[in-house]
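Taking it in order: structure first as C-alpha cells, then the write-up.
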Amino acid sequence: MNQTPNYPDDEIDLRELFATLWQGKWLILGLTFVFAAAGIAYALYKPNIYQSSVLLAPANDENKLGGISGQLGGLASLAGISLGGGNSNQTVIAKEVLQSRAFLTSFIHRHNLVIPLYAVKGWREETDEWIYDTDVYNPNTGEWLPDRKGKSQEPTNWDLVKAFREDHLSVSEAKDTGMITVSVKHYSPRAAQQWAQWLVHDINEHMRVQDVEEAEASIAYLDAKLKETNIAGMQQVFYQLIENETRTVMLANAQREYVFRTVDPAVVPEEKSEPKRALIVVIATLLGGMLGVFLVFIRAFINNDNRNDHGPRETSQALSANE
Numbered sequence: 002m003n004q005t006p007n008y009p010d011d012e013i014d015l016r017e018l019f020a021t022l023w024q025g026k027w028l029i030l031g032l033t034f035v036f037a038a039a040g041i042a043y044a045l046y047k048p049n050i051y052q053s054s055v056l057l058a059p060a061n062d063e064n065k066l067g068g069i070s071g072q073l074g075g076l077a078s079l080a081g082i083s084l085g086g087g088n089s090n091q092t093v094i095a096k097e098v099l100q101s102r103a104f105l106t107s108f109i110h111r112h113n114l115v116i117p118l119y120a121v122k123g124w125r126e127e128t129d130e131w132i133y134d135t136d137v138y139n140p141n142t143g144e145w146l147p148d149r150k151g152k153s154q155e156p157t158n159w160d161l162v163k164a165f166r167e168d169h170l171s172v173s174e175a176k177d178t179g180m181i182t183v184s185v186k187h188y189s190p191r192a193a194q195q196w197a198q199w200l201v202h203d204i205n206e207h208m209r210v211q212d213v214e215e216a217e218a219s220i221a222y223l224d225a226k227l228k229e230t231n232i233a234g235m236q237q238v239f240y241q242l243i244e245n246e247t248r249t250v251m252l253a254n255a256q257r258e259y260v261f262r263t264v265d266p267a268v269v270p271e272e273k274s275e276p277k278r279a280l281i282v283v284i285a286t287l288l289g290g291m292l293g294v295f296l297v298f299i300r301a302f303i304n305n306d307n308r309n310d311h312g313p314r315e316t317s318q319a320l321s322a323n324e
C-alpha cells in the first residue's frame, strides 16, 4: 500500500541515451572532423611569435646617499628641494615610466619601430626579412594605403602605444625578490631580443637624465640662495646640500645601469612561444565533438516532441472512426 510511485518519464535511460548518440554518430564525427580541420588550418596559418626576456634588479645602492639624505632631509625640505625617497621608490617610478604612453611613444619613434610594429604580419626565417601586410602598407613606395573608406591607415601614436602594450610588451615583478622581468614578443626573434635591450637601456638613460637635470636645477637654486644669505650656519647647510646634489650628478653620470641592473640579459630565442598549435587543434576538435553531441540531442528532443504531439491526435481520430 505504501509503495513509492514510479515516474518512468523522469528517469534517464542510459540505453536510450547511447542509442541516440549512435544514431547521430555521423553528425558528431562530421562536425568533429570539420572543426579539427579548421583548427589545423588556423594553427598552421598563425605565424610563429618569439619572446625574449630580460631579468632586472634595482641598481641603486641606498648606502651611497642614504646617510646624507637622512641627515639633511629636513633642511632640504626647508630649502625647498627633495633628496629623493630611496631606490625602492625610484624603481617603482621607473617601472611605471617604462609602461607610460609618453616614454613608449618616444621609444617607438626613436628606434623607427613604426613599420615593424604596425605594417608587418610575419617574418621570413630563411632570408631574415619582414613579411609586410600589403593591405596596409606598400613597402616599395613606403606609403600607407587607404582603407575602404579612403582614409589613410597610418597609425597614430595612440595606435602604436596600444599595439605595443597589448601585443609585444610584458612587465612583471616578483613580490618576494623584487626582481623585474621585461618581456618582448615579436615575429622576429632578433627583433624581440633587440627591443628588450633597447627598453632597458632607454629607461636607465631616461631616469638618469631626469635625475641629473633635477639635481642641476637644485644646485642652481641652492647657489642662488647661498648668495642671498650672510648667516654662516645657513651657508654651511647650503654647501652640504650642494655637495650632496653634486654627488648625485657624479654618480648618475658614472653609472651605466642607473636604475635597473641586468641580472639575466635578453637573448635571441630559438624556440617559439606562440602559437600553441597542438592545443589549438585539441580545443577545436573538442568543440566540434561537443557541438555535434548537442545538435544530436536537440534533434532527438524535437523528434520526441513531434511524436508526442502526433500520438494523442491519432488516438482521437481512431476513437472518432470507431464511433
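The sequence shown runs contiguously to residue 324 in our numbering.
Glycine included, each C-beta is placed from N, C-alpha and C at the ideal position.
Every value quoted in this text rests on a predicted model; they were computed, and no experiment measured them.
At the level of alpha carbons, what is the spacing between residue i and residue j?
{"i": "I303", "j": "A20", "result": "16 Å"}
{"i": "V121", "j": "E167", "result": "16 Å"}
{"i": "E275", "j": "M208", "result": "33 Å"}
{"i": "F108", "j": "E206", "result": "12 Å"}
{"i": "L18", "j": "E272", "result": "46 Å"}
{"i": "Q237", "j": "Y222", "result": "15 Å"}
{"i": "D224", "j": "P147", "result": "57 Å"}
{"i": "E126", "j": "L45", "result": "16 Å"}
{"i": "T128", "j": "L288", "result": "38 Å"}
{"i": "R191", "j": "I94", "result": "29 Å"}
{"i": "L73", "j": "G234", "result": "Model confidence at L73 stands at a pLDDT of 49, short of 50, so the residue's coordinates are unreliable; what they give is reported in the following sentence. Whole-angstrom Cα-Cα distance: 13 Å."}
{"i": "D265", "j": "E130", "result": "28 Å"}
{"i": "F298", "j": "L292", "result": "10 Å"}
{"i": "D177", "j": "Q256", "result": "26 Å"}
{"i": "N90", "j": "F239", "result": "25 Å"}
{"i": "K226", "j": "I232", "result": "11 Å"}
Quick one: what's got a C-beta closer than 8 Å to residue i's C-beta in the same chain, skipping five residues either side?
{"i": "N64", "result": "In this prediction, N64 has a pLDDT of 39, which is less than 50 and means its spatial position is unreliable; nothing more can be read from the coordinates."}
{"i": "A375", "result": "Because the chain in this structure spans residues 2 to 324, residue 375 falls outside the shown range and cannot be described."}
{"i": "Q154", "result": "V137, Y138, W145, L146, P147 and D148"}
Excluding the 5 residues preceding and the 5 following residue i in the sequence, name in chain order all residues of the same chain whose CB lies nearer than 7 Å to its CB.
{"i": "T92", "result": "P59 and V260"}
{"i": "I41", "result": "V282"}
{"i": "T263", "result": "V55, L57 and V201"}
{"i": "A164", "result": "L118 and Y119"}
{"i": "G75", "result": "Residue confidence is low: G75 scores 49 on pLDDT, short of 50, so the model does not pin down where it sits. Its coordinate-derived value is still stated next. Cβ neighbours of G75 beyond the five flanking positions: none."}
{"i": "P140", "result": "Y133"}
{"i": "H112", "result": "W199"}
{"i": "I243", "result": "I220, L223 and D224"}
{"i": "E258", "result": "A60 and N205"}
Is it true that the CB of residue j sits closer than 8 Å to the CB of residue i?
{"i": "D254", "j": "V210", "result": "According to the sequence as given, residue 254 is Asn; it is not Asp. For N254 and V210, no; Cβs fall outside 8 Å."}
{"i": "A193", "j": "V185", "result": "yes"}
{"i": "L296", "j": "L114", "result": "no"}
{"i": "Q100", "j": "P270", "result": "no"}
{"i": "H187", "j": "W196", "result": "yes"}
{"i": "I387", "j": "G123", "result": "Outside the displayed span of the chain (2 to 324) sits residue 387, for which this structure offers no information."}
{"i": "I204", "j": "V294", "result": "no"}
{"i": "S189", "j": "T182", "result": "no"}
{"i": "T33", "j": "G290", "result": "yes"}
{"i": "G25", "j": "R300", "result": "yes"}
Quick one: what's got a C-beta closer than 6 Å to residue i's C-beta in the same chain, skipping five residues either side?
{"i": "N307", "result": "none"}
{"i": "W23", "result": "none"}
{"i": "N49", "result": "K273"}
{"i": "P156", "result": "Y119"}
{"i": "R16", "result": "none"}
{"i": "R102", "result": "V162"}
What whole-angstrom Cβ distance do residue i and residue j have, given they're in contact under 8 Å?
{"i": "Y119", "j": "L170", "result": "Contact flag wrong, Cβ pair sits at about 14 Å."}
{"i": "F36", "j": "A285", "result": "5 Å"}
Could you tell me whether any Cβ in chain B is nearer than 8 Å to the Cβ of residue i?
{"i": "E258", "result": "Among the chains in the structure shown there is no chain B, since it carries only a single protein chain."}
From the options, pick the residue whose C-alpha is nearest to that of residue i; which is it?
{"i": "Q241", "options": "A103, R257, S219 and K96", "result": "S219"}
{"i": "F104", "options": "E229, K150, M180 and W159", "result": "W159"}
{"i": "K277", "options": "L30, G31, Y43 and G25", "result": "Y43"}
{"i": "K96", "options": "T142, M180 and K150", "result": "M180"}
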